[in-house]
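Residue numbers (full-length UniProt numbering): 1 to 162.
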């Protein structure tokens, strides 16, 4: 039965590393800019990395706590190390939640100051400039940029009218 618990703890340890690596890859590969600012993305990455470190520390404590080490010279030092890892787990978990709260407040203040369409256009322009230009070209062909469809149908602005 103890082997099952150790295997589960090792899987939790590996999953925490996977979470950290996945978050880092996602943020570096697909960054999001809100209003030309990377702060929300950086805060999100920081919270995920702190969460992963917290799970990593907790899994290490659970893995090594299952092995008896009292008979060794370093037995008491390992208990102190486990306490430090446990404290690191709690501190990283609290910091992760604080960063998430900061992310929420920063994101909401950025979205409150700018309309949603401007945010979307600035995201596209910052992240994928070639797709942004293609989108502008398609919108221009459909008449969204020259004027509204009602103006085009009525003959205003050279639309020809019906």
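Yeah, the Cβ is synthetic: ideal placement off N, Cα and C, and Gly gets one too.
Close beta carbons around residue i, own chain, < 7 Å, minus the five adjacent residues each side
i, result
"residue 129", "none"
"residue 95", "50"
"residue 13", "56, 59, 60 and 63"
"residue 100", "47"
"residue 86", "61"
Exposed unless 16 or more other CB atoms sit within 10 angstroms - verdict on residue i
i, result
"residue 108", "exposed"
"residue 166", "The structure shown does not extend to residue 166, since the chain is modelled only from 1 to 162, so the question has no answer here."
"residue 97", "exposed"
"residue 105", "exposed"
"residue 22", "exposed"
"residue 59", "buried"
"residue 43", "buried"
"residue 25", "exposed"
"residue 48", "buried"
"residue 11", "exposed"
Separation of residue j from residue i, as counted between CA atoms
i, j, result
"residue 19", "residue 3", "24 Å"
"residue 93", "residue 132", "38 Å"
"residue 38", "residue 103", "11 Å"
"residue 29", "residue 61", "33 Å"
"residue 83", "residue 91", "12 Å"
Neighbourhood of residue i by C-beta, 6 Å cutoff - its chain only, sequence neighbours within 5 removed
i, result
"residue 27", "41 and 45"
"residue 15", "none"
"residue 134", "none"
Cβ shell of residue i (< 8 Å), same chain only, five flanking positions each side left out
i, result
"residue 88", "53, 54 and 57"
"residue 17", "52 and 56"
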